[in-house]
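K.L.:
Sequences listed follow chains A and B, in order. Residues in the first sequence are numbered from 90 upward in steps of one, following the working numbering. Residues in the second sequence are numbered from 71 upward in steps of one, following the working numbering. Note that beta-carbon positions come from the ideal geometry of N, C-alpha and C, so glycine has one too. Predicted, not measured: the structure shown is a model, and the values here were computed from it.
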Amino acid sequence: MKNLKKVLNYITHPMITILLLLIISCIIVIGTLYEVKFGILAAHQKFYNSWLILFWGFVPFPGLRLLMSITFVHLLLSICQKTKLNLRSILLSFVHIGVLIFVTGALLSGYMKYEFTLPLMEGEISEQIYSTNQWTLVAFSNDPNSNMNPTRWSIDKLKKEQVIFNSHEKVTFLNRTTYSHENKDFHSQTGHYPIVYLKTSQQNEPIKIESMSEQPTALQLNGQQLYFQIVPTEMILPFKIQLIKFTEEKHPGSMIARSYESQVRVYENGTTRDVKIAMNRPFRIQGYSFFQSGFQIQDNKYVSVFAVVKNSGRLFPYIAGLILCFSLLFYFSFLLFIPKETKS
Amino acid sequence: MKLNNLHFVCFIIFSCIIGISFSKSPSDIDLDALKKISIVDEGRIKPFDTYARILVKSLSGKKKIQGYSSIQILAEILFTPERADTLHLFLIDNRDLKDALELPWEKRRFSYLELYPKLTKLQEISQQFSTSNSEKGQFQKAASQLDNAINLYIQLTSFLSFNDQSEMFVISDTSLAESLGVAPMSAASFYFLKQNSALLSRMMKDLTPSQTDSTTHFQSTPFIELVQRMYSFQNSIGNPPPHIIPFDSSGSVKWLSPWGLVSISKFNASEDLIGSLLKAKLAYQNQDNREFTTALTNFNQRLLIDAPPQVSLKSHTIEIIYNAINPFSKAQILYGIAVIFGLILTFYKKNVFKVITITLLLLGIILQTYGITARSLITLRTPITNLYEVFVFVAWICAILGIVLHKINKDFPGMFIGALSGFIFLQGASRYGVNGDTIEVLVAVLSSNFWLSTHIMTIALGYAGVLAAGIAAHICLIQKFTSKKLSTPNQSFEIVRGLLGFGLIFTVFGTILGGMWADQAWGRFWGWDPKENGALLVIIWTSLTLHLYRSKIGGEFTFALATIFGNLVLLFCWLGVNMLGVGMHSYGFTSSGALWLFSISLFETLFIIFCIVWNFIISKKKLAA
């Protein structure tokens, strides 16, 4: 018991708090600078959503997920061990509970949040949305006489040496890695994207398929030309959406957008309704949230681009925020207004 | 001197400062009516007064040139361009550019007349670099800026030149001259021909088939050549600045310049507007004050009647008064003087210095309050939407905190901290206001008054608290190393801790509100965007500093150093991230203020190093003793 108490004292020592805060700060600084060159997606993959970082390919360092997990344990044990039965201590504990819920939400968000995009041209109806971080390998044929339907595999689920085409000529999945793709027009699209390496029974050399490549990779298999391409994973919505009209308003005499909004029609369970989606005015339906992300002009028509998010952990930061804000307010009010004798 | 008299003297000085703002440069013409004309520039409807100040500042780097105020210079450019050509308006600081244009090094500002012979060379240089894909260096930027400035100047001097007789429109056709009532071979103005466009159209219709063919190629006659020149001239002019006339164009509003209005086919209904402007020009040239004011007042009144219903034209009185008073510059001066007296007060505890310091600080706060309120009324939104406004707000909060600190503990130099913070951050604000109008339009993503008021205001409050704590920590360390005790040491560090706590609460509030806003706008509470990372780093560092204090790790010295380092963290996270140029918060990207940020960072770094070394020496001495 004494030893357990000793261990607990070490784990909950304030020096651990300070060290953790310092290391997390360093990771955030390095990650931010990494974003400038390699893009926010790459920084997410390497620093913020990772358990382990390998600097220069071989120097290990805890990733932010690992640090947040350690912070979670440290905070929880500190709250349990150090909370005393007085108002000040309880208020301080609530502050840390708020932080704890934030950390929990941050750890779980990677598993509870799914992000997609939905580009729609004026007049177009769609029920398909495209993932922003999950990829599918697709094989298809352009030959109208071919009876082959497009075949899809989720890249994350492919295993090494898995045979994906088992016919006269086999196609084997070898490996998946990433490459750095830079988009100078949209820096948010700069990042590390997947590459898949395949092998056919005819060719020994691995065939490389890049995700951001404009052209699919052609392979001659079983006497027919097949194309392989990596595309964002598609998902089918339980309803349809049609873009009726996109409106952009500019500030007078300038090219600065004052506002832009999309008038959409939602087809759901045999009913239809018209909805406006604009900046700061999202549309929520059946657990999906649609946000006005941007727009493009294609063939003299507007294409409205929506960000679609499904996040079952959406309320975590709101709950944590409320607890943290109120407890901070009460705690510092207590320090400020309660006489010292009462405090002690 | 009695205190009441001292207050009275301070009030008189303050009134003089404000009064000087409304003094006018000697001139026969009253330009108040010109100041009130609305112009659309950078997406905002603003008064000519604001436009003139920005224009002259951007061209010359100063607000006054050769004794002329900004509005006087604009009036000269618009109505008497031949006089404006002699004003030393164009600032050229780049020596390579001066060499390339064969201009003297020692001179900084040049007139249009001096630059006119170099225009061809300047255009060659600009065009050469406009086609290149590589990033522009200082020389290229300077050439490009000067070229753009001169082009704008030429467009403005052509404000009403459609009424000038031109060799391009010589009426050599005798029947036409007779119909128009002018002598043959006389030069007409474009405006004169447009006024008679009905007659010209009739004459075109009366042309016999042998004189024309069905294609666009007409057989050449003086009349047809004149019409062709008129047509191609009209097409080439477009709609150059200044855009002062709102025009309903098929349901949408387009802002036209007088040239743009004259160029469109159906402008007859707007002849009153053009007529008023031409009368104003004539009156200005004749120095007829009454006629000038009447003409421009008629122009403004006519606009109010003719403007499309979607456009609401304001009188701009608030903005014109705000421009005249220039509250933030004056507040900065008052804070600067308060710093000096605050410093004197630290060493000589005389009531007179205390009264002067507090009066100056209060006057500065009053001016800033006025300025912030005026900007809110001008824009009809929260006055914290760009870096300039955030700096001004932070300066204001820090100044108020200085008064509060003084009330809490009269021995602690709260007023000195308030005045110093106010001065420093208003100086920082001025770095972000050099490039143009500080009242900017909102981009679409910021179009939410609720979130602007809550998120940005709370974040600014938080940052003000953290920065004030950092400055107070300097005082604590100076107190520690000198024999001068400004207050009891424990109280000083308690004050720093209190300010830090204040800063932490509001930074946390503001960051959480920002996350909620991001959830509403972008679909995610947190995206590890550089700006978000910056706010989180400020929270982490402030929490770390408070943990250091509470757990007594490293003592008060470490706590003070960490608080000062927190200033560095905050400035880099707040301003430095804007210079990275990446992320969703793209509306804040700028490289302005880099030098200011570097200077402050250098000072803080040197101070920290000095304190560490000094503390080490003192500790060694104590050990030896």
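1) Is DSSP giving glycine 207 (chain B) helix, strand or coil here?
2) In this structure, does DSSP put glutamate 299 (chain A) in helix, strand or coil?
3) Just checking my contact of valine 355 (chain A) with phenylalanine 328 (chain A) at CB under 8 angstroms: how many whole Å lie between their CB atoms?
4) Starting from the C-beta of lysine 134 (chain B), find all residues in its chain whose C-beta is less than 6 angstroms away, skip the five residues before and the five after it, and write them out in chain order.
5) Taking C-alpha atoms, which residue in B:Leu148, B:Leu167, B:Phe149 and B:Phe180 lies nearest to leucine 161 (chain B)?
6) With a threshold of 8 angstroms between beta-carbons, can proline 328 (chain B) be considered close to chain A, or not?
7) For the pair the region 244–255 of chain B and the region 338–353 of chain B, tell me if three or more CB-CB distances fall below 8 angstroms.
8) I'd like the list of long-range same chain contacts for glutamine 438 (chain B), defined as Cβ closer than 6 angstroms, with 5 residues on each side in sequence excluded.
9) Looking at the structure shown, is histidine 77 (chain B) part of a helix, part of a strand, or coil, going by DSSP?
10) Take cysteine 643 (chain B) as the anchor and find which of B:Thr581, B:Ala591, B:Tyr619 and B:Asp589 has the nearest alpha-carbon.
11) Quick one: measure Cβ to Cβ for isoleucine 509 (chain B) and isoleucine 454 (chain B), integer angstroms, because I've assumed they're closer than 8 angstroms.
12) Using 8 angstroms as the limit for Cβ to Cβ distance, is tyrosine 349 (chain A) near chain B?
13) Can the beta-carbon of valine 285 (chain A) be found less than 8 angstroms from the beta-carbon of isoleucine 319 (chain A)?
14) Going along chain B in order, which residues have a C-beta closer than 9 angstroms to the C-beta of threonine 101 (chain A)?
15) According to DSSP, simplified to helix, strand and coil, what is alanine 695 (chain B)?
16) Looking only at its own chain, which residues have a Cβ that is under 7 angstroms from the Cβ of phenylalanine 635 (chain B), when we skip the five neighbours before and after it?
17) So, is histidine 257 (chain A) buried or exposed, given that buried needs 16 or more other C-beta atoms within 10 angstroms?
18) For the region 460–505 of chain B, list the alpha helix (DSSP H) runs that are entirely contained and at least 4 residues long, ordered along the chain.
19) Taking 8 angstroms as the threshold (C-beta atoms), are leucine 417 (chain A) and valine 184 (chain A) in contact?
20) Along the chain, where does the beta strand (DSSP E) containing tryptophan 175 (chain B) start, and where does it finish?
21) With three or more C-beta pairs closer than 8 angstroms as the rule, is the region 131–139 of chain A touching the region 148–166 of chain A?
22) Assuming asparagine 369 (chain A) and serine 523 (chain B) form a contact by the criterion Cβ under 8 angstroms, report the distance between their Cβ atoms to the nearest whole angstrom.
23) Is histidine 313 (chain B) helix, strand or coil by DSSP?
24) Figure out for me which residue from B:Asp589, B:Arg594 and B:Val647 has the closest Cα to the Cα of glycine 608 (chain B).
25) Are the C-beta of asparagine 369 (chain A) and some C-beta of chain B separated by less than 8 angstroms?
26) Cβ closer than 8 angstroms: which chain B residues qualify as neighbours of alanine 346 (chain A)?
27) Can you confirm whether the region 345–363 of chain B touches the region 147–156 of chain B when touching is taken to mean that 3 or more C-beta pairs between the two stretches lie within less than 8 angstroms?
28) In whole angstroms, give me the CA-to-CA distance for cysteine 80 (chain B) and threonine 427 (chain B).
29) Could you name the residues that DSSP lists as bridge partners for glutamine 309 (chain A)?
30) On the three-state DSSP scale, how would you describe asparagine 255 (chain A)?
31) Starting from methionine 104 (chain A), find everything on chain B with Cβ-Cβ shorter than 9 angstroms and list it in chain order.
32) In chain A, what lies closer than 9 angstroms to arginine 707 (chain B) by C-beta?
33) Using the C-alpha atoms, what's the distance from leucine 430 (chain B) back to glycine 540 (chain B)?
34) Threshold first: 4 residues or longer. Then list the alpha helix (DSSP H) segments lying entirely within the region 543–605 of chain B, N to C.
35) Closer than 8 angstroms, CB to CB, is leucine 110 (chain A) near chain B or not?
36) Use the C-beta contact count for tyrosine 349 (chain A): other C-beta atoms within 10 angstroms, 16 or more gives buried, fewer gives exposed.
P.N.:
The short version:
1) Here residue 207 (chain B) corresponds to residue number 137 of the second sequence, with the count starting at 1. DSSP places glycine 207 (chain B) in coil when its eight states are reduced to three.
2) For the purposes of this step, residue 299 (chain A) is taken as the residue at position 210 of the first sequence. Reduced to three states, the DSSP call for glutamate 299 (chain A) is strand.
3) In the first sequence, counting from the first residue as 1, residue 355 (chain A) sits at position 266. In the first sequence, counting from the first residue as 1, residue 328 (chain A) sits at position 239. That belief holds up - the Cβ atoms of valine 355 (chain A) and phenylalanine 328 (chain A) are roughly 6 angstroms apart, short of 8 angstroms.
4) Within the second sequence, residue 134 (chain B) is the residue found at index 64, counting from 1. Contacts found: none.
5) Taking the second sequence and counting its residues from 1, the one referred to as residue 161 (chain B) is at position 91. Among B:Leu148, B:Leu167, B:Phe149 and B:Phe180, the Cα nearest to that of leucine 161 (chain B) belongs to B:Phe180.
6) Working through the second sequence from its first residue, we reach residue 328 (chain B) at position 258. No, proline 328 (chain B) lies away from the interface with chain A (no Cβ there is under 8 angstroms from its Cβ).
7) no
8) Working through the second sequence from its first residue, we reach residue 438 (chain B) at position 368. For glutamine 438 (chain B), where only same-chain residues beyond five positions count, the Cβ hits under 6 angstroms are Ala401 and Trp466.
9) Here the question's residue 77 (chain B) lines up with position 7 in the second sequence. Residue state, collapsed to three classes: helix.
10) Along the second sequence, one-based indexing puts residue 643 (chain B) at 573. Closest option to cysteine 643 (chain B), Cα to Cα, is B:Thr581.
11) Locating residue 509 (chain B) in the second sequence gives position 439, counting from the first residue. Locating residue 454 (chain B) in the second sequence gives position 384, counting from the first residue. Incorrect: roughly 12 angstroms between the Cβ atoms, too far for contact.
12) Within the first sequence, the letter at position 260 stands for residue 349 (chain A). It does; some Cβ of chain B falls within 8 angstroms.
13) Within the first sequence, numbered from 1, the residue matching residue 285 (chain A) stands at position 196. Within the first sequence, numbered from 1, the residue matching residue 319 (chain A) stands at position 230. Cβ distance < 8 angstroms, so valine 285 (chain A) and isoleucine 319 (chain A) count as in contact.
14) Translated into the one-based positions of the first sequence, residue 101 (chain A) becomes position 12. Near threonine 101 (chain A) there are no residues of chain B at all, since even the closest Cβ is about 11 angstroms away, more than 9 angstroms.
15) Indexing the second sequence from 1 puts residue 695 (chain B) at position 625. Coil.
16) For the purposes of this step, residue 635 (chain B) is taken as the residue at position 565 of the second sequence. Once the five neighbours on either side are set aside, the close Cβ partners of phenylalanine 635 (chain B) are Ile678.
17) Residue mapping note: residue 257 (chain A) aligns to position 168 of the first sequence, counting from 1. Histidine 257 (chain A) should be labelled exposed.
18) 484–502
19) For this step, residue 184 (chain A) is matched to residue 95 along the first sequence. For this step, residue 417 (chain A) is matched to residue 328 along the first sequence. Result yes, Cβ atoms of valine 184 (chain A) and leucine 417 (chain A) sit closer than 8 angstroms.
20) Residue numbering aside, residue 175 (chain B) sits at position 105 when the second sequence is read from its first letter. First-last for tryptophan 175 (chain B): undefined, no H or E at that position.
21) yes
22) Reading the first sequence from its first residue, position 280 is the one you call residue 369 (chain A). Reading the second sequence from its first residue, position 453 is the one you call residue 523 (chain B). Asparagine 369 (chain A) to serine 523 (chain B), Cβ: 13 angstroms. No contact.
23) Numbered from 1 along the second sequence, position 243 holds the residue referred to as residue 313 (chain B). Histidine 313 (chain B) falls in the strand class under three-state DSSP.
24) Locating residue 608 (chain B) in the second sequence gives position 538, counting from the first residue. Sequence check: residue 608 (chain B) is valine here, not glycine. Of the listed residues, the one whose Cα sits closest to valine 608 (chain B) is B:Val647.
25) Position 280 of the first sequence, counted from the start, is the residue given in the question as residue 369 (chain A). Yes, asparagine 369 (chain A) lies at the interface with chain B (some Cβ there is under 8 angstroms from its Cβ).
26) Position 257 of the first sequence holds residue 346 (chain A). Per Cβ cutoff of 8 angstroms: Val513 and Ala514.
27) yes
28) To locate residue 80 (chain B), count along the second sequence from 1; it is residue 10. To locate residue 427 (chain B), count along the second sequence from 1; it is residue 357. Using only the alpha carbons, I get a separation of about 10 angstroms.
29) Position 220 of the first sequence, counted from the first residue, corresponds to residue 309 (chain A). DSSP lists A:Gln314 as partners of glutamine 309 (chain A).
30) Sequence index remark: in the first sequence, residue 255 (chain A) carries index 166 (1-based). Strand.
31) Residue 104 (chain A) sits at position 15 when you count from the first residue of the first sequence. Ordered by position in chain B, the residues that pass the 9 angstroms Cβ test against methionine 104 (chain A) are Ser621 and Ile623.
32) Lying before the first or after the last residue shown, residue 707 (chain B) is absent from chain B, which here runs from 71 to 695.
33) Here the question's residue 540 (chain B) lines up with position 470 in the second sequence. Here the question's residue 430 (chain B) lines up with position 360 in the second sequence. Cα-Cα distance, rounded: 23 angstroms.
34) 559–592
35) Translated into positions along the first sequence, residue 110 (chain A) becomes position 21. Yes, leucine 110 (chain A) counts as interfacial toward chain B.
36) Along the first sequence, one-based indexing puts residue 349 (chain A) at 260. Under this definition tyrosine 349 (chain A) is a buried residue.
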